[in-house]
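If you count the sequence shown from 1, position 3 lands on -1 in our numbering, and the numbers rise without skipping. Here the structure is laid out as structure tokens; the discussion comes afterwards.
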Amino acid sequence: MNLGIVVKWSFFISLVFELVGALMKIMHLPGADALLIIGMVANGVFIVSALSEVWGSVRINTNEKVMWTIAFIFMGFLGALAGILYVIMGRKRIV
């Protein structure tokens, strides 16, 4: 399977499941925990696949690879900011 497809789909799946799960959790609806877990697993898949794509790139230097790694590790689990930046802006230049 193409790594780019895994990166894009795992990001969008994690974003949707985490947002819907959080909304359901706020509204005290059943099943919210399962959606949040699915979203977190998809987020983990996104981070691993995106880091694999970044470190396999020959178009960027090592300093930028380290910067993306730090962004994915620290901001990837806190929110979708690193993912949004990577999918929308950074991926075109890296791949």
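C-beta atoms are modelled at their ideal positions from N, C-alpha and C, and glycine is treated no differently.
Residue i in three-state terms, based on DSSP
i     : result
I56   : coil
L25   : coil
N(-2) : coil
C-alpha distance - residue i paired with residue j, whole-angstrom precision
i   : j   : result
V41 : I22 : 25 Å
P26 : V62 : 40 Å
S53 : T65 : 13 Å
D29 : S48 : 29 Å
V3  : L19 : 24 Å
R55 : R87 : 11 Å
W51 : I1  : 17 Å
Run of the alpha helix (DSSP H) containing residue i, from where it starts to where it stops
i   : result
I84 : First-last for I84: undefined, no H or E at that position.
Where residue i falls, given that 16 or more other Cβ within 10 Å makes a residue buried
i   : result
L31 : buried
F13 : buried
F68 : buried
G79 : buried
Check whether the segment 25 to 42 touches the segment 5 to 15, taking contact to mean three or more Cβ pairs, one atom from each stretch, closer than 8 Å.
Touching, yes.
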